[in-house]
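J.:
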Amino acid sequence: MVKNDFLVFVLIEYFVRLIERWRSKSIPMKAAASTIFIGGTLLAVPWQEILINNVFALEILSPKEGGADWPVIAGCFLIVVGVFFWVWACFEVKQPDKEKLINDKWISSAVNVSASKVYCYCGNISFLSDIDVVVASENTDFELGGAKSISVSGRLRAMAASRDEFNQITRDNLEEWVIAWKEIKGKKRDFNLGLCIECNEPYETSRYGIKSIIFAIAISKNDTGIAFLESASIRDIIKYVVDYCVARGFKTVFIPVFGLGKGNCSRSEALDYTLSAIYFELKRQSSGLDVYVGVYRLMDVIKLGGILGKWK
Numbered sequence: 002m003v004k005n006d007f008l009v010f011v012l013i014e015y016f017v018r019l020i021e022r023w024r025s026k027s028i029p030m031k032a033a034a035s036t037i038f039i040g041g042t043l044l045a046v047p048w049q050e051i052l053i054n055n056v057f058a059l060e061i062l063s064p065k066e067g068g069a070d071w072p073v074i075a076g077c078f079l080i081v082v083g084v085f086f087w088v089w090a091c092f093e094v095k096q097p098d099k100e101k102l103i104n105d106k107w108i109s110s111a112v113n114v115s116a117s118k119v120y121c122y123c124g125n126i127s128f129l130s131d132i133d134v135v136v137a138s139e140n141t142d143f144e145l146g147g148a149k150s151i152s153v154s155g156r157l158r159a160m161a162a163s164r165d166e167f168n169q170i171t172r173d174n175l176e177e178w179v180i181a182w183k184e185i186k187g188k189k190r191d192f193n194l195g196l197c198i199e200c201n202e203p204y205e206t207s208r209y210g211i212k213s214i215i216f217a218i219a220i221s222k223n224d225t226g227i228a229f230l231e232s233a234s235i236r237d238i239i240k241y242v243v244d245y246c247v248a249r250g251f252k253t254v255f256i257p258v259f260g261l262g263k264g265n266c267s268r269s270e271a272l273d274y275t276l277s278a279i280y281f282e283l284k285r286q287s288s289g290l291d292v293y294v295g296v297y298r299l300m301d302v303i304k305l306g307g308i309l310g311k312w313k
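Residue numbers (this note's numbering): 2 to 313.
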């Protein structure tokens with residue numbers, strides 16, 4: 002099971018993010034939520050009394066002496082006002098409500114699967130250390146992310162680059178390697194899903210303990226930019242990666258959840274396809290392997306932790 006201290010930490014962070022999201026809401030939306038909540042609270046007690054009296058006393062209540070029941074009137078008024086604020090908020094120009102990427106490193110305790118161990122790695126891969134093999138998720142065009150991008154391949158590209166004393170890139174090693182590989186293959190794009198491309202020259206990523214990089218063609222995009230995953234392709238990729246590590250004696254591997262991050266695929270599909278493939282492949286292996294499953298956002302951690310917590 003995933004240890005309680007990690008889950009408690011994640012839950013605390015989740016509530017902090019909820020507070021941040023509340024603070025970022027517009028004034029009409031905050032007013033709508035507040036007034037409806039207060040109005041509902043005012044209505045709760047009188048209606049409970051009405052229900053109890055009718056059920057147990059079996060009599061219809063007459064109006065209270067001295068006039069109308071003010072909590073009911075106030076509650077109804079606040080709910081109407083809250084609905085007004087909610088309608089107002091709906092017509093406002095909405096900003097995209099994007100989850101923040103975690104620019105840090107969180108690692109859960111291990112979950113055992115046969116002889117192997119699986120960890121949740123949440124955050125920036127620039128903080129990786131002593132991971133033998135890193136898998137990068139690519140689409141069928143196999144174009145690396147920019148050296149300043151937040152994708153796995155983009156950050157690997159920045160980590161592998163040669164730099165001068167001012168930390169400026171003097172040679173884009175991984176980009177040059179990909180261009181050379183495409184020239185050898187005589188193909189520039191439209192690679193098959195499930196294809197895995199080994200780069201056994203880690204370049205400057207060796208400073209992080211990385212010994213090999215695998216580019217996995219896991220995502221296809223249509224003309225509108227919508228991304229798709231195939232369960233069978235993800236299984237092929239995971240099988241290739243696990244067999245590759247076992248055959249070469251590597252003990253640790255980082256595997257991202259394919260389709261999350263810039264892939265923008267369905268979170269449930271991405272987690273299900275990747276985690277089920279990892280579980281199946283590790284179950285059939287007698288050799289031990291430490292697998293770090295990479296995610297980038299808080300809700301990804303919560304979903305992933307829930308899945309790992311069910312593994313035995």
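A virtual CB, placed ideally from N, CA and C, is assigned to each residue, including glycine.
What are the start and end residues of the beta strand (DSSP E) that includes Tyr120?
T.: For the purposes of this step, residue 120 is taken as the residue at position 119 of the sequence shown. Counting along the chain, the beta strand (DSSP E) containing Tyr120 begins and ends at 117–124.
J.: Have a look at Lys252 and Ile214 and give me their C-alpha separation to the nearest angstrom.
T.: Within the sequence shown, the letter at position 251 stands for residue 252. Within the sequence shown, the letter at position 213 stands for residue 214. Cα-Cα distance, rounded: 14 Å.
J.: Quick test of your reading: Tyr297 and Cys123, contact by CB under 8 Å. State the CB separation rounded to the nearest angstrom.
T.: The sequence position of residue 297 within the sequence shown is 296, counting from 1. The sequence position of residue 123 within the sequence shown is 122, counting from 1. Tyr297 to Cys123, Cβ: 7 Å. Contact.
J.: Assuming Val243 and Glu282 make a contact with CB atoms under 8 Å, what is their CB distance in whole Å?
T.: Within the sequence shown, numbered from 1, the residue matching residue 243 stands at position 242. Within the sequence shown, numbered from 1, the residue matching residue 282 stands at position 281. Between Glu282 and Val243 the Cβ distance is about 4 Å, and since that is below 8 Å, they are a contact.
J.: Is it buried or exposed, Val56, if we count other Cβ atoms within 10 angstroms and call 16 or more buried?
T.: The residue given as residue 56 occupies position 55 in the sequence shown. Note that Val56 has pLDDT 49, beneath the 50 cutoff, so the model's placement of it is unreliable and no number is given.
J.: Please classify Phe233 as buried or exposed, where buried requires at least 16 neighbouring CB atoms within 10 angstroms.
T.: Residue mapping note: residue 233 aligns to position 232 of the sequence shown, counting from 1. First, the amino acid is wrong: residue 233 is Ala here, not Phe. By the neighbour-count rule (16 or more Cβ atoms within 10 Å), Ala233 is not buried but exposed.
J.: Looking at the strands, I want to know which residues DSSP matches up with Pro257.
T.: As a first step, residue 257 is located in the sequence shown; it is residue number 256 there, counting from the start. Pro257 is bridged to Gly295.
J.: Looking at the structure shown, is Trp312 part of a helix, part of a strand, or coil, going by DSSP?
T.: Counting from 1 along the sequence shown, the entry for residue 312 is found at position 311. Coil, per DSSP.
J.: Enumerate in chain order the residues of its own chain whose CB-to-CB distance from Pro97 is below 7 Å, with the five nearest sequence positions on each side excluded.
T.: The residue you call residue 97 lines up with position 96 of the sequence shown. For Pro97, the predicted structure reports a pLDDT of 45, less than 50, and the residue's modelled location is therefore unreliable. The matter cannot be settled from this model.
J.: Would a check of beta-carbon distances place Ala271 closer than 8 Å to chain B?
T.: This model lacks chain B altogether, as it is built from one protein chain only.
J.: Are Ser154 and Tyr209 closer than 8 Å when you measure CB to CB?
T.: Here residue 154 is taken as the residue at index 153 of the sequence shown, counted from 1. Here residue 209 is taken as the residue at index 208 of the sequence shown, counted from 1. No, Cβ-Cβ distance for Ser154 and Tyr209 is not below 8 Å.
J.: Rounding to the nearest angstrom, what Cα-Cα distance links Val1 and Arg236 in this structure?
T.: For residue 1 there is no data in the structure shown, the boundaries of the chain being 2 and 313.
J.: Would you report the Cα separation of Asp105 and Asn125, rounded to the nearest angstrom?
T.: As a position in the sequence shown, residue 105 is number 104, starting the count at 1. As a position in the sequence shown, residue 125 is number 124, starting the count at 1. Approximately 6 Å, taken between the alpha carbons.
J.: With a threshold of 7 Å on Cβ separation, who are the neighbours of Ser115 within its own chain once the five nearest residues in sequence on each side are excluded?
T.: As a working note, residue 115 is residue 114 in the sequence shown. Hits under 7 Å: Leu283, Lys284, Gln286.
J.: Given this structure, state the Cα-to-Cα distance separating Phe78 from Ile103, to the nearest angstrom.
T.: Along the sequence shown, one-based indexing puts residue 78 at 77. Along the sequence shown, one-based indexing puts residue 103 at 102. Answer to the nearest angstrom: the Cα atoms are 42 Å apart.
J.: Just to confirm, are Gly260 and Leu230 a CB contact at a threshold of 8 Å?
T.: Within the sequence shown, the letter at position 259 stands for residue 260. Within the sequence shown, the letter at position 229 stands for residue 230. Yes, the pair counts as a contact, with Cβ atoms nearer than the cut-off.
J.: Among residues of its own chain, excluding the 5 on either side of Val247, which ones have a beta-carbon nearer than 8 Å to its beta-carbon?
T.: Position 246 of the sequence shown, counting from 1, holds the residue named residue 247. The answer, listed in chain order, is Gln286, Ser288, Leu290.
J.: Helix, strand or coil for Ile227? Go by DSSP, reduced to three states.
T.: Within the sequence shown, residue 227 is the residue found at index 226, counting from 1. If DSSP states are grouped into helix, strand and coil, Ile227 belongs with coil.
J.: Just to confirm the assignment, what range does the alpha helix (DSSP H) spanning Ala161 have?
T.: Reading the sequence shown from its first residue, position 160 is the one you call residue 161. Its alpha helix (DSSP H) spans residues 153–161.
J.: Can you tell me where the alpha helix (DSSP H) with Ala271 in it begins and where it stops?
T.: The residue labelled residue 271 in the question sits at position 270 within the sequence shown. 268–284 is the extent of the alpha helix (DSSP H) around Ala271.
J.: Note down the Cα distance separating Tyr204 from Ala34, rounded to an integer number of angstroms.
T.: As a first step, residue 204 is located in the sequence shown; it is residue number 203 there, counting from the start. As a first step, residue 34 is located in the sequence shown; it is residue number 33 there, counting from the start. Going by the C-alpha atoms only, they are around 54 Å apart.
J.: Look at the alpha carbon of Thr36 and the alpha carbon of Val82, and state the distance between them as a whole number of angstroms.
T.: Within the sequence shown, residue 36 is the residue found at index 35, counting from 1. Within the sequence shown, residue 82 is the residue found at index 81, counting from 1. Rounded to the nearest angstrom, the two C-alpha atoms are 7 Å apart.
J.: Take the Cβ of Val88 as the centre, count every other Cβ of all protein chains shown within 10 Å, and call the residue buried at 16 or more, exposed below.
T.: Position 87 of the sequence shown holds residue 88. Exposed, because fewer than 16 other Cβ atoms sit within 10 Å of the Cβ of Val88.
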